[in-house]
Amino acid sequence: MRSGRRCWASPSPNDDGDFVAVSADRETSGLAFQRAPGHPRATWPDPSVPQQMHLDVMVEDVAAVGVRVPEVGARHLQGDVYADPAGHPFCLIRRPGWAPPFAAG
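So in this note's numbering the end of the sequence shown lands on 288, straight run, no missing numbers.
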């Protein structure tokens, strides 16, 4: 899970050995991921092991972030689609106009 934590941890992972929760800080809600030893890696777009989830991750600059996500354990699949270390695909999408700008930090 270390590589998964590194891929999704931004900036404050909480790891209890069974779950890793990713949030802005230890007091804010975020996403939680449960470990599943022996779970087969998703092979999307090959349907032999289908995806179990899909996230769209809003970013200001898709190209700039796309260069960085492999540095933290993601694999590029196609276009703006990547896979986390467990094989779950996710898309980088430009922050839409209705979403507030990200705070500098």
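Every residue gets a Cβ at the ideal spot worked out from N, C-alpha and C, and that includes glycine. All values derive from a computational prediction rather than experimental measurement.
Taking the continuous beta strand (DSSP E) assigned at residue i, which residues delimit it?
i           : result
residue 247 : Where residue 247 is concerned, there is no enclosing beta strand (DSSP E), although the alpha helix (DSSP H) it sits in stretches over 245 to 251.
residue 222 : Note, residue 222: premise wrong, no beta strand (DSSP E); not H, not E.
residue 206 : 202 to 206
residue 272 : 272 to 277
residue 235 : From DSSP, residue 235 is part of no beta strand (DSSP E); its letter is neither H nor E.
residue 216 : 214 to 217
On the criterion of 16 or more Cβ atoms from any shown chain inside 10 Å, does residue i qualify as buried, or is it exposed?
i           : result
residue 271 : buried
residue 252 : buried
residue 239 : exposed
residue 219 : exposed
residue 202 : exposed
residue 256 : buried
residue 207 : exposed
residue 269 : buried
Is there at least one non-hydrogen atom of the ligand FAD closer than 6 Å to the beta-carbon of residue i?
i           : result
residue 202 : The ligand FAD is absent from the structure shown, which contains no ligands of any kind.
Considering only the alpha carbon of each residue, which of the options lies closest to residue i?
i           : options            : result
residue 229 : 198, 241, 203, 261 : 261
residue 263 : 250, 215, 206      : 250
residue 245 : 275, 207, 280      : 275
residue 237 : 231, 222, 267      : 267
residue 291 : 203, 202, 200, 279 : Any question about residue 291 goes unanswered here, given that the chain covers just 184 to 288.
residue 223 : 203, 205, 233, 256 : 233
residue 284 : 265, 257, 241, 204 : 241
residue 148 : 258, 282, 277      : No statement about residue 148 is possible, as the shown extent of the chain runs from 184 to 288 and does not include it.
residue 200 : 206, 207, 216      : 216
Any idea which residues DSSP pairs residue i with across the strands?
i           : result
residue 259 : 265
residue 240 : 275
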